[in-house]
Amino acid sequence: MTEFKYNRVLLILIFAGLLASLVIGWQRYNVEENNSAVEMVLDYEDIVSLAQTEGVPEHLLMQQFKDAGINSLAVYDTTLEKLAKSGKLTVMTGGDLLGRYRTGEKDGLPSGDPSGTIVPSRVYIFAAQESGGLALFEEVKEDLCRRLGTARVKEMTLTGNRRGLAVDANYEKLIKENLGLSTQEMRAVTAYGYNIIARPSNFVKVRPDDINAVFDRLKGFSNITGIMFVGEEVLGYPDLLNYTAEKMQQMNLTLYMIEHPLQLQFLKQDGLLPLAALSDYRCARVYVIPKDEQPKLKVDDAVHRWAITVDQERNIRVDLLRKYDKPEAGLSLVETNLKYVNGVRQSLIDRGFTIDRAGVYRQYYPNSWLLIVIAVGATAACVLLLTLIRPFASRYQYFLLVIVSLVFALLLLKGSNILVKQAVAMVSAITFPVLSMTWQLDRWRTREPAQGSFLTRIIVDGVGGLVVATLLSIVGGLYVGAILGDIRFILEAEIFRGVKLTFVMPLILITLVYLTRYNLFGKSDDVGKGVWGKILKILNYPIYLKTLLGIGVLAVVGWVYVGRSGHTAGVPVPGLEIKLRTFLENAMYARPREKEFLIGHPSFLLAVMAIYRKWPLVFHYILVVGATMGQGSLVETFAHIRTPILMSLVRGLEGMALGAVIGIIAVIAVQVLHYLSFMLGRRSAVDE
Numbered sequence: 144m145t146e147f148k149y150n151r152v153l154l155i156l157i158f159a160g161l162l163a164s165l166v167i168g169w170q171r172y173n174v175e176e177n178n179s180a181v182e183m184v185l186d187y188e189d190i191v192s193l194a195q196t197e198g199v200p201e202h203l204l205m206q207q208f209k210d211a212g213i214n215s216l217a218v219y220d221t222t223l224e225k226l227a228k229s230g231k232l233t234v235m236t237g238g239d240l241l242g243r244y245r246t247g248e249k250d251g252l253p254s255g256d257p258s259g260t261i262v263p264s265r266v267y268i269f270a271a272q273e274s275g276g277l278a279l280f281e282e283v284k285e286d287l288c289r290r291l292g293t294a295r296v297k298e299m300t301l302t303g304n305r306r307g308l309a310v311d312a313n314y315e316k317l318i319k320e321n322l323g324l325s326t327q328e329m330r331a332v333t334a335y336g337y338n339i340i341a342r343p344s345n346f347v348k349v350r351p352d353d354i355n356a357v358f359d360r361l362k363g364f365s366n367i368t369g370i371m372f373v374g375e376e377v378l379g380y381p382d383l384l385n386y387t388a389e390k391m392q393q394m395n396l397t398l399y400m401i402e403h404p405l406q407l408q409f410l411k412q413d414g415l416l417p418l419a420a421l422s423d424y425r426c427a428r429v430y431v432i433p434k435d436e437q438p439k440l441k442v443d444d445a446v447h448r449w450a451i452t453v454d455q456e457r458n459i460r461v462d463l464l465r466k467y468d469k470p471e472a473g474l475s476l477v478e479t480n481l482k483y484v485n486g487v488r489q490s491l492i493d494r495g496f497t498i499d500r501a502g503v504y505r506q507y508y509p510n511s512w513l514l515i516v517i518a519v520g521a522t523a524a525c526v527l528l529l530t531l532i533r534p535f536a537s538r539y540q541y542f543l544l545v546i547v548s549l550v551f552a553l554l555l556l557k558g559s560n561i562l563v564k565q566a567v568a569m570v571s572a573i574t575f576p577v578l579s580m581t582w583q584l585d586r587w588r589t590r591e592p593a594q595g596s597f598l599t600r601i602i603v604d605g606v607g608g609l610v611v612a613t614l615l616s617i618v619g620g621l622y623v624g625a626i627l628g629d630i631r632f633i634l635e636a637e638i639f640r641g642v643k644l645t646f647v648m649p650l651i652l653i654t655l656v657y658l659t660r661y662n663l664f665g666k667s668d669d670v671g672k673g674v675w676g677k678i679l680k681i682l683n684y685p686i687y688l689k690t691l692l693g694i695g696v697l698a699v700v701g702w703v704y705v706g707r708s709g710h711t712a713g714v715p716v717p718g719l720e721i722k723l724r725t726f727l728e729n730a731m732y733a734r735p736r737e738k739e740f741l742i743g744h745p746s747f748l749l750a751v752m753a754i755y756r757k758w759p760l761v762f763h764y765i766l767v768v769g770a771t772m773g774q775g776s777l778v779e780t781f782a783h784i785r786t787p788i789l790m791s792l793v794r795g796l797e798g799m800a801l802g803a804v805i806g807i808i809a810v811i812a813v814q815v816l817h818y819l820s821f822m823l824g825r826r827s828a829v830d831e
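Take 144 as the starting number for the sequence shown in my numbering and just add one per residue.
Below, the structure is given as structure tokens:
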């Protein structure tokens, strides 16, 4: 039997890395705990539209939504289409205008007959005569000149006090074109007692004057909490992002970034992440339920999503709610939407959040020397694993350790640390689950169970081993959570790289480890020349139909396992599993992962049973691979840095507890089946 030694120097370095991880983890926990204010937001246009649809006075509905919990309204660039529909401007083509003058339909139009100067292909805009109409007209004129150029926008000479514009543009396109933020709308929002979230768009060939115009319009309002840009680019992209960031800092505005529907970073906007960096990461994460998904959700389901799976788990601090367009049974449309908002607010309060201006994280970057200690610890763990697969002399272990550690240290001190952090995190996520299971394999090899062990002994040894394995894997999780634990990863401006690799590589490595310790198709440990000889023996194994069926089943399992990792929409989630997730989210602090409590941890206990019952090693190997899946998933949980580190830790421990219970049930069930099979076999023998 080959002896595998655990180098104590490497173990000490791993322990030192753990201590550094705990220090950073504690600091990160405090950063996360000090940011618990959530901003509840609706679009200003949504409430106005709802008031018109339901025939409710606008001011009354505004007060009701404010009382329900909404504290901010989003205001977008206005458009000619919206202004025309609201009666604030008259907008028409030159052809339509000529027709109305010729037929005498002059309601809303200037007096006189300017038909001789009208060009059919132009767009004509006339100010309303109501209070504020001229101020709005001036604002629209300014916006059109800025968007189209002064050469294409001409003021008309009209009788009386009327004002008009003739614009060289395509009518269908122009009426939908973003103009600028409406001062009237922002004044209305302020008068109703809400904060304002500005949602401007970028300009074509943006200039400093364009950026000044946006922020000059915002200067008159002290209740603007932040900016959430609209369109494919942020304001100032591509060459004036520095200027935009400077203007935002002068007004103490937060950059609001909308999470991508696949929960991987943010909706694509050119310049968003560079602007976040230029703003010193004074940013807040925003979530909005996708437009095509919300109608499928009942109000209670939508409320549940916000508090637990969004704000608590994904560090969302701006809840951008959409209104429901259809009422629930027994409720009016207004009542349905108020129920929704009330439910979200109460759910947030119940979980310790406050409703206020969106909280921002303080700029947090861990001490570089602590990061170096973690990098050395991760390197030591990797070297240790290599020696446990193929032993080599200590001097080579130390040489490899020193070289790799020096490279990591120099890069971390130099400041080029994003790639280094991601590399150390990936090494930790791959290495520690395998080390955890390798230690278990060596423990099982050196402590052969006595014949005829009782079921209680299997359960006690299995649960005890699972606890130790989980704690060892959590060490790796703490490494990952600490090395990536700065403001960039917390906001998800930067992310963990190599998710699918961290799910696959531990299974490959544990297979190599297993083959160094066991012979899959025999009782001797020394068949073949090392691992390669055993691999050749497996490749030469006869293929039967049942073997192909087994390989097919494993391929499907592998497809689901890899396809469900990361943030892709490749493998759908069954409805029954969604219901299970919802139940666990309500019953537990942090819903554990199915890979852990349904596959990994029960497989661990069954692997212990396989040792005690001396099942064929091929079954034991499959169970060990399943157990490694669970440990790998546990470590990878910590790679979601947007999730609070305490929540990741509790998720792993709760998954272990639930998995142990399910594993015990599985062991008892197998034991009962074994007993029934034995009794049926005896009865058949007696009958013969």
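Glycine is no exception: its CB is placed at the ideal position from the N, C-alpha and C atoms.
Distance, residue j Cα to residue i Cα
i	j	result
Val429	Tyr399	6 Å
Ser667	Gly495	Here Ser667 scores only 47 on pLDDT, less than 50, and its place in the model is too uncertain to base an answer on.
Tyr314	Thr260	18 Å
Val184	Tyr467	14 Å
Val834	Glu737	No answer is possible for residue 834: the residues shown for the chain start at 144 and end at 831.
Val810	Pro745	8 Å
Tyr818	Gly605	20 Å
Arg756	Arg600	12 Å
Ile626	Val477	48 Å
Val656	Val793	29 Å
Leu162	Val152	16 Å
Asp382	Gly414	9 Å
Gly775	Tyr622	14 Å
Asp220	Gln327	12 Å
Val567	Ala521	7 Å
Gly806	Leu405	32 Å
Residue i and residue j closer than 9 Å at C-beta
i	j	result
Arg460	Asn178	yes
Lys228	Glu188	no
Arg330	Ile370	no
Ser325	Glu376	no
Ala271	Thr233	yes
Leu156	Val519	yes
Val181	Leu491	yes
Gln195	Leu481	no
Leu634	Tyr541	no
Leu584	Arg631	no
Leu719	Gly743	no
Gly292	Tyr267	no
Asn173	Ser537	no
Ile765	Leu652	no
Leu514	Asn560	yes
Exposure of residue i, with buried meaning 16 or more beta-carbon neighbours within 10 Å
i	result
Lys231	buried
Phe762	exposed
Ala278	exposed
Gly198	exposed
Pro509	buried
Asp352	exposed
Val603	exposed
Ala612	buried
Pro787	buried
Val829	Summary for Val829: the model assigns pLDDT 48, below 50, so the residue's position carries little reliability, and this model does not support an answer.
Arg171	buried
Gly628	buried
Gln408	buried
Asn355	exposed
Asp669	Its pLDDT being 49, under 50, Asp669 is placed unreliably in this model, and the coordinates cannot settle the point.
Ala523	buried
Phe158	exposed
8 Å contact criterion, which residue i and residue j should meet: CB distance rounded
i	j	result
Thr780	Gly795	6 Å
Thr368	Ile340	6 Å
Pro835	Gly641	Lying before the first or after the last residue shown, residue 835 is absent from the chain, which here runs from 144 to 831.
Gly379	Thr387	3 Å
Residues bridged to residue i [DSSP beta-bridge criterion]
i	result
Tyr399	Ala427
Met299	Gly307
Thr530	Thr530 is not bridged to any residue.
Any C-beta of chain B under 9 Å from that of residue i
i	result
Gln540	The question asks about chain B, but that chain is absent: this structure has only one protein chain.
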